[in-house]
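Step one of this worksheet: look at the structure below.
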């Protein structure tokens, strides 16, 4: 992080004198000293998150109570939309574009998300999910960088967000697709009139228009995109008693990993950071003192 800051302030072609600083072990020991402190603080943040996830009630969909809950289930829904870059049939997508200058420092230039109604099904029941404002660790279904002249479908996305052509661009897209098994941690709240699906999701008619625009406007013949396979909406309650989503203080979290996998990952990372950070700081501090003749 400190190294990136140093380079950001340098000219495009750093002088040999500047580069020689990074051949000096004392400089690296200073960087290591700061990195150790950062890792220590970061480790406690990960530990707090681990304990928080462990303390949130886990539930089946049928037995879920109002409030903060954790559930897992398979994704399904009555109709889909098309993600603009990956051309994936999905229920929800989020697409982000970053532009970069000569220094390759990426700046977010555009973000777009869209959702059709989808549900988690765990065998005990179905639960509607409102993915607006969600945080996720979904694997990208599309991730590319272009120096200039991106493909037509990418240019279509950039044009509608007013991103200037001819600059380096990085694009990334995540999507929630049918058949995925997701872990969800969010707030189960009562369905209210203002939570009408028309204000949260695209209607079936609007989803058809979205698909026609993407297929007819930018998706080339021979693409893997197929015609929409709709499920009778009577199989899904689009006006449920409760819905899972974000709260004002805590966004919905979606992950393809199980709760156990997430907790185990946070456990070992927090342990390494909490113990390794101080060890790195102490070692670098000792090295600095020894090089400066203080020992």
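Numbering (the numbering used here), first residue to last: 175 to 469.
Idealized CB from N, CA, C, for every residue including glycine.
Small disclaimer: the values here were computed from a predicted structure and weren't measured.
Could you pull out every residue in the same chain whose Cβ sits closer than 7 Å to the Cβ of residue i, ignoring the five residues on either side in sequence?
i: residue 441; result: 224
i: residue 414; result: 302 and 365
i: residue 397; result: Caution applies to residue 397, whose pLDDT of 48 falls short of 50 and renders its modelled position unreliable; the value that the coordinates give is listed next. If we look at residue 397 and ignore the five residues flanking it on each side, its Cβ neighbours are 261.
i: residue 375; result: 289, 290 and 291
i: residue 340; result: 322
Would you tell me roughly how many angstroms separate the C-alpha atoms of residue i and residue j, rounded to the nearest one?
i: residue 230; j: residue 241; result: 10 Å
i: residue 447; j: residue 458; result: 16 Å
i: residue 419; j: residue 260; result: 25 Å
i: residue 221; j: residue 211; result: 16 Å
i: residue 445; j: residue 425; result: 26 Å
i: residue 216; j: residue 361; result: 26 Å
i: residue 356; j: residue 434; result: 13 Å
i: residue 451; j: residue 460; result: 14 Å
i: residue 466; j: residue 200; result: 9 Å
i: residue 250; j: residue 307; result: 20 Å
i: residue 335; j: residue 354; result: 30 Å
i: residue 317; j: residue 384; result: 22 Å
i: residue 228; j: residue 279; result: 37 Å
i: residue 209; j: residue 281; result: 24 Å
i: residue 382; j: residue 345; result: 25 Å
i: residue 378; j: residue 313; result: 27 Å
i: residue 423; j: residue 380; result: 31 Å
i: residue 479; j: residue 438; result: Lying outside 175 to 469, the shown extent of the chain, residue 479 is not represented and no answer is given.
i: residue 255; j: residue 386; result: 10 Å
If you drop the 5 nearest sequence neighbours on each side, which residues of the same chain put their C-beta closer than 8 Å to that of residue i?
i: residue 258; result: 267, 269, 286, 327, 330, 331, 347, 388 and 392
i: residue 343; result: 271, 272, 273, 274, 283, 319, 320, 324, 328, 332 and 337
i: residue 226; result: none
i: residue 395; result: Caution is warranted here: a pLDDT of 42 is assigned to residue 395, below 50, making its placement in the model unreliable, and no coordinate value can be reported.
i: residue 233; result: 239, 243, 244 and 245
i: residue 214; result: 447, 448, 451, 452 and 455
i: residue 436; result: 227, 357 and 429
With a threshold of 6 Å on Cβ separation, who are the neighbours of residue i within its own chain once the five nearest residues in sequence on each side are excluded?
i: residue 305; result: 266 and 289
i: residue 236; result: 298 and 299
i: residue 311; result: 429
i: residue 462; result: 203
i: residue 349; result: 257, 262, 264, 267 and 315
i: residue 427; result: 309 and 359
i: residue 443; result: 220
i: residue 247; result: 294, 295 and 296
i: residue 175; result: Any reading at residue 175 must be qualified, since the residue scores a pLDDT of 41, below 50, and its modelled position is unreliable; no value is offered.
Since residue i is in the alpha helix (DSSP H), which residue starts that stretch and which ends it?
i: residue 434; result: 433-465
i: residue 265; result: Where residue 265 is concerned, there is no enclosing alpha helix (DSSP H), given that its DSSP letter is neither H nor E.
i: residue 211; result: 199-229
List the endpoints of the continuous beta strand (DSSP E) containing residue i.
i: residue 410; result: Per DSSP, residue 410 belongs to no beta strand (DSSP E) and is neither H nor E.
i: residue 233; result: Residue 233 -> no beta strand (DSSP E), and no H or E assigned at all.
Next on the checklist: Ignoring anything shorter than 3 residues, give me the beta strand (DSSP E) runs that lie fully in the segment 310-353, in order along the chain.
Outcome noted: Taken in chain order, the complete beta strand (DSSP E) segments of 3 or more residues contained in the segment 310-353 are 316-320 and 343-350.
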